[in-house]
Amino acid sequence: MELSMSKGNEFVEATQSPEGAAAWKRQLDDFAPGASDWVVGAVFGGTYQREGLELRDRQMLNMAALAAMGGVEPQLTGHIKTAVDVAGMSESEVAECFIHLMPYIGVPKTLAAMRCMKAALEG
């Protein structure tokens, strides 16, 4: 898999607000300078660039994983926003993803995901 900082930066610019990207980069780099470069190059410039899945599919997988983990509400909110604003998912499709997950992740985590959805769509 080829890693590309330039493709990663292009992806971040296309899918995230400048303020949102600066916030997560700062959180990583405050105590581990350069850590955000790994995310940009390896994740957004590597994994996200692979063939086989569309951005919509990747966002659905991200939302499912983050909802199941719990405790990562800022990240889940951001991926919901990207799913709707960039990847072409409708609000009802995102909601159905979380309803489908409910028997697997439980009602409390589904409710948390729905709160993230509300925040993403209002913000």
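Take 1 as the starting number for the sequence shown in UniProt numbering and just add one per residue.
Ideal placement from N, C-alpha and C gives every residue a C-beta, glycine not left out.
As the structure is a prediction and not an experimental result, all values here were calculated from the model.
Using only the alpha-carbon positions, how far apart do residue i and residue j sit?
{"i": "R56", "j": "A32", "result": "31 Å"}
{"i": "D30", "j": "V39", "result": "15 Å"}
{"i": "T110", "j": "K7", "result": "33 Å"}
{"i": "G71", "j": "E2", "result": "31 Å"}
{"i": "residue 200", "j": "Y104", "result": "No answer is possible for residue 200: it lies beyond the span of the chain, which begins at 1 and ends at 123."}
{"i": "G41", "j": "G34", "result": "11 Å"}
{"i": "E19", "j": "A112", "result": "24 Å"}
Can you say whether residue i is buried or exposed, counting buried as having 16 or more other CB atoms within 10 angstroms of its CB?
{"i": "H79", "result": "buried"}
{"i": "M69", "result": "exposed"}
{"i": "A83", "result": "buried"}
Return the residue from the list the options that minimises the CA-CA distance to residue i.
{"i": "G46", "options": "L61, N9 and G123", "result": "N9"}
{"i": "L66", "options": "F98, E122 and W24", "result": "F98"}
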